[in-house]
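> Would you mind keeping the following structure in view while I ask a few things?
Protein chains: 2
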Amino acid sequence: MSIATVSRVLHGSPAVSDTARDKVLSAVDRLDYVPSGAARSLAVRQFEAHGLVLPELRGPYYSELLLGFEARAAELEQSVVVVLADGNRDLDHALRRLATRVDGIAMLGSIAAQECAARTMRGPKPVVVVGGDPALGVETICAENVSSAQALTEHLFAHGRTDLLFVGDPDGAPDVRLRLEGFRAAHRARGRPAADPVRIQFRESDGVAFVDRLLARRHTADGLVCANDELAVSVMARLAERGVDVPGDLAVVGWDDVMTARYVSPGLTTVRQPVHRLGALAAEALHAQVTGARQRTRCRVLPTDIVIRGSCGCTAPPLPRK
Amino acid sequence: MSIATVSRVLHGSPAVSDTARDKVLSAVDRLDYVPSGAARSLAVRQFEAHGLVLPELRGPYYSELLLGFEARAAELEQSVVVVLADGNRDLDHALRRLATRVDGIAMLGSIAAQECAARTMRGPKPVVVVGGDPALGVETICAENVSSAQALTEHLFAHGRTDLLFVGDPDGAPDVRLRLEGFRAAHRARGRPAADPVRIQFRESDGVAFVDRLLARRHTADGLVCANDELAVSVMARLAERGVDVPGDLAVVGWDDVMTARYVSPGLTTVRQPVHRLGALAAEALHAQVTGARQRTRCRVLPTDIVIRGSCGCTAPPLPRK
DNA sequence: ACCCGACGTGTAAGCGCTTTCTGACACCAT
DNA sequence: ATGGTGTCAGAAAGCGCTTACACGTCGGGT
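Okay, structure coming up:
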C-alpha cells in the first residue's frame, strides 16, 4: 500500500479497487489512524473551517446564533472555531490568531464595530457580520429592527400610552441603534417628540438601578421600550418589588423572547428574531464567499415577529406560553 | 529578508536585530500578511487547538461551560473548535473530523456515553469528559451531584414533606443518574422507600404534560425534585395555571439556577454549579494531557451550592434575587 | 596581529498530506 | 503476435511553515 492509495481511499476516490480499499480500511481501523488535518489543509490550501466571533454567550441570542451557525457549517463540512470576546481579553490577538486557521470569519456587529476588527475586515479573509451596520462595507446579515421597533412603539401608543422611554444604549450595538431609530420613527409619525434614550447596559443590575432612578422621579414614563428582555425582565421584577403595576401603571416591552419572558407575570411582550436562521445564513454566506460561488450580496435582512403577551397592556391569558 | 527571519520575528525569537524586526513588521503590515496556521501546525506537530463537543446549547449550562472552556483555552493560547451534537447529525463523522484538527477533545458526559464516542476515547488523542461517568476510564471533571441531591431531598423532608417524586430521566445523562442516587440516599437515611423516578425529558412541554398527569392522580406527591430548572419552571408555571399552590400544596426544586429561577414567584430553590470553572478546568486538564506536563488525575469533583428561594417551602422575600 | 565566541542571517530539510504524472499490467481488437 | 486502451498503484513534487545547522561578520581578549 502506498500513501497515495490511502489518501484516495479516505476521500472516496473511485479509482481504487475494492481489495485495496478493504486493506486500507482495515489497517486504518486497526491502528486507530487519525489523519492530520493540518497537512490536508496545507495541501488543499483550504482550512475547511469557519471562525465565529461572539461578544459573549449569556442569554439565548448568542447561543442560538452559534447553534444555527454550527449546524449549517457542519452540513457544509466546515469546522467552526469560536472566539468569545468576553471580558477584557485581547481581541486583536485573538482575531489575528483566528485568521491563521480559518477560511473566513463571521462576527457580531458589536465586535465589527471595534477598532481591531477593522484590520481583520481589511485582511484577505472573507468576513460576514451578523446584526451589524450595513454601511461597514462587508457582507451583513441582520434581523429587521427599525420597523418592528416602530410597530411596537405604535402598539404602546395605541394602548393610550403617551410618555414612552427607550431603555438601552444605542452605541453599544448597531441593533440597539436601529431599534431606537424605529422608536423615534413612531414618534415622528404621531408628531410627538421622542425622549432621549436611557443609556444603560444589558445587565440585570442596570435595570434595577434604572427603576430606582425612575421611581425617584428622575424620569417619567407610562411605557418602557427596553432594548432586550434581560433588561425588561429585571425592570419588571424591580417594579413589582416597588409596588408598581405592570401594565397598569407602566407598560414594558423588550426584545429576544427569552424563556423568562413566558414565565413572568404578566408575560412580557417582546420581539422574536429568527436567530437560528441568522446563524445558518452567516455560515452559508461565508462559505459562498470562500468558495467564490456567489458574489456577495451586500446585506440581508430577516423579518421578525412581535409576540404579544400581557406587559404591553393587552389582556392575555394568565401565564401565556408560546 | 529570508523566510526564516520572518518566522523568527513573528514568534518573538530574541535572535533578531531590531532593524530586521522592523523591516519584517512593516512589510507584514503593508501586505496584510496572514500566516498559515496549517503549515505551522504541520511543522510544530501541534494544532494548538482543543475540541469541545456539546449536546446542545440551550439554557445556561452549556453556554457557561463553553464560556469557561474558551476563556481558559485562550489563556493557554489554544483555539477551540466546537461541535454540537444537536439534532440528528452524524456524530461519528463529526468526531472523526474533529480529531483530525485538534490536539485533544473535551466532551460532555452524555456524549461520551454514546456508542461512537468510544472510538474517539480509544484513539490517540487525549480526551476529558465533563460531568460524565467516572468509570469511563478517561479523565473526568464534574460537579458534585449525589450529596447536594441528598441535602436538597432532606431539606424537603425537613419541611415536613413525605411524598417526594424525582422528575427526570436518569438514563439521559450521568448527572441525572447521580442526582437520583442522592435522592434515594436521603430516603434510605430516613428509612423510607423512594418512589420510582418519573422518566421525562428536559423540554418544557414534558413538564407541562407531567403536571397534567399528576393532577389526573396518576402520581401523588407533595414535593418534586426536578432534574433541572427548565423542567422545574415549566412545572411550576403549569401548576399555577391549574390552581395548585407552590409551595403550599407542592414543593418544587431544581438544578442549574437559570435566570428564570430568580424571576418566577415563588423563587425556585435550586442547585448552582460552578459551570464556568468546570469548563475552565476541562480546558486546563486537556492542555496538561497534551503537553504531557501532568499525569492525568482520574476524576475531579467540584462542590455545588444549594440556593434557597421560596419554592421549597422556605419563607423568602418576594422575588428574591441572587 | 590573531583567534575565538557571540551574534544575526540564510539554507535546507523536513512536517503529512494531495494530486499529477508515469508506469505496470491486463484485456480486447486487429 | 502486436498495438491500443483502460484500470489501478506508486513516485514525487509541492503546500508554507519551523528549526537545526552552517555561515559570515563583528568585537575583545591574548
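First to last, the protein sequences are chains Z and V.
Throughout the first sequence, residue numbering follows the numbering used here, covering 1294 to 1615 in sequence.
Throughout the second sequence, residue numbering follows the numbering used here, covering 1294 to 1615 in sequence.
For glycine and all other residues, C-beta sits at the position ideal for the given N, C-alpha and C.
The model shown is predicted, which means the values in this text are computed figures rather than measured ones.
1) Against chain Z, does Leu1524/V count as a neighbour if the rule is that its beta carbon must be under 8 Å from one of theirs?
2) Along the chain, which unbroken stretches of the beta strand (DSSP E) at least 3 residues long are found entirely within the stretch 1499 to 1578 of chain V?
3) At a cut-off of 7 Å, would you count Ser1372/Z as near the ligand HEM, judging by its Cβ distance to the nearest heavy atom?
4) Do you know how far the Cα of Gln1407/V is from the Cα of Cys1435/V?
5) Beta strand (DSSP E) containing Asp1462/V: first to last residue?
6) Would you say Thr1562/Z reaches chain V, if we count a Cβ-Cβ gap shorter than 8 Å as a contact?
7) Does Asp1598/Z get closer than 8 Å to chain V when you measure Cβ to Cβ?
8) Between Gly1547/V and Ala1525/V, how many whole angstroms is the CB-CB distance? I'm expecting something under 8 Å.
9) Are the CB atoms of Ala1544/Z and Arg1472/Z within a distance shorter than 8 Å?
10) My output table needs one value for Val1321/Z: the three-state DSSP class, helix, strand or coil.
11) Closer than 8 Å by C-beta to Met1294/V: which residues in its own chain qualify, once you throw out the five before and the five after it? Chain order, please.
12) Compare the beta carbon distance of Leu1253/V and Arg1602/V with 8 Å and say whether it is the shorter of the two.
13) By how many angstroms is the C-alpha of Ala1331/V removed from the C-alpha of Arg1535/Z?
14) Applying the criterion that 16 or more other CB atoms from any shown protein chain within 10 Å of the CB defines a buried residue, is Arg1510/Z buried or exposed?
15) Closer than 7 Å by beta-carbon distance: list the chain Z residues that pair up with Leu1350/V, in chain order.
16) Quick one, which residues of the stretch 1315 to 1337 of chain Z are near chain V if we go by CB-CB under 7 Å, in chain order?
17) Please classify Leu1360/V: does DSSP put it in a helix, a strand, or coil?
18) Can you tell me whether Gly1330/V is helix, strand or coil according to DSSP?
19) Please list, in chain order, the chain Z residues whose beta carbon lies closer than 7 Å to that of Thr1553/V.
20) Starting from Thr1433/Z, follow the beta strand (DSSP E) in both directions and report where the run begins and ends.
21) Let me see if you follow: with CB-CB separation under 8 Å, is Asp1538/Z close to chain V or not?
22) Against chain Z, with Cβ distances strictly below 8 Å, would Asp1396/V count as a contact?
23) Thinking C-alpha only, which one of His1480/V, Ala1410/V, Val1528/V is nearest Asp1383/V?
24) Report the neighbours of Asp1385/Z on chain V: residues whose CB is nearer than 7 Å to its CB, in chain order.
25) Which value, in whole angstroms, describes the spacing of the CA atoms of His1272/Z and Thr1608/Z?
26) Within 10 Å of its beta-carbon, does Tyr1326/Z have 16 or more other beta-carbons around it, so buried, or fewer, so exposed?
27) Give a yes or no on whether 8 Å exceeds the smallest Cβ distance from Asp1616/V to chain Z.
28) Does the beta-carbon of Arg1496/V have 16 or more other beta-carbons within 10 angstroms, so that it is buried, or is it exposed?
29) Could you tell me whether the Cβ of Thr1446/Z comes closer than 8 Å to any Cβ of chain V?
30) With distances taken between CB atoms, is the gap from Thr1563/Z to Asp1522/Z smaller than 8 Å?
31) Distance cutoff 8 Å, beta carbons only. Does Ser1372/V sit that close to anything in chain Z?
32) Which residue marks the beginning of the beta strand (DSSP E) containing Ala1342/V, and which one marks its end?
33) How far does the beta strand (DSSP E) with Ser1372/V in it reach, from first residue to last?
34) Looking only at DSSP bridge pairs, what is Leu1388/Z linked to?
35) Report yes if the C-beta distance between Val1373/Z and Val1374/V is below 8 Å; otherwise report no.
36) Let me make sure I understand the geometry here. Which of Arg1390/V, Gln1371/V, Gly1475/V has the alpha-carbon closest to that of Val1376/Z?
A quick look at the data gives this:
1) no
2) The qualifying runs are 1516 to 1519, 1544 to 1546, 1563 to 1565.
3) The ligand HEM is absent from the structure shown, which contains no ligand whatsoever.
4) 18 Å
5) First-last for Asp1462/V: undefined, no H or E at that position.
6) no
7) no
8) Going by Cβ atoms, the distance from Gly1547/V to Ala1525/V rounds to 3 Å, so yes, they are a contact pair.
9) no
10) Looking at Val1321/Z - three-state DSSP - the assignment turns out to be helix.
11) Ala1313, Lys1316, Val1317, Ala1320
12) No answer is possible for residue 1253/V: it lies beyond the span of chain V, which begins at 1294 and ends at 1615.
13) 58 Å
14) exposed
15) By Cβ distance, chain Z contributes Ser1356, Leu1359, Leu1360.
16) Within the stretch 1315 to 1337 of chain Z, the residues whose Cβ lies closer than 7 Å to any Cβ of chain V are, in chain order, Asp1325, Val1327, Pro1328, Ser1329, Gly1330, Ala1331, Ala1332, Ser1334, Leu1335.
17) The answer is helix: DSSP assigns Leu1360/V an H, G or I state.
18) helix
19) Met1552, Thr1553, Tyr1556
20) 1432 to 1436
21) no
22) With 8 Å as the cut-off, Asp1396/V does not count as an interface residue toward chain Z.
23) Asp1383/V has its Cα closest to that of Ala1410/V, out of His1480/V, Ala1410/V, Val1528/V.
24) Here the premise fails: no neighbours, minimum Cβ distance about 13 Å.
25) The shown model of chain Z, from 1294 to 1615, leaves out residue 1272/Z, and the question about it has no answer.
26) exposed
27) Nothing in the structure corresponds to residue 1616/V, since chain V is present only between 1294 and 1615.
28) exposed
29) no
30) Contact: yes.
31) Chain Z, which has a Cβ nearer than 8 Å to the Cβ of Ser1372/V, makes this yes.
32) 1342 to 1347
33) 1372 to 1377
34) DSSP, once it has assigned bridges, lists no residue as partnering Leu1388/Z.
35) yes
36) Gln1371/V
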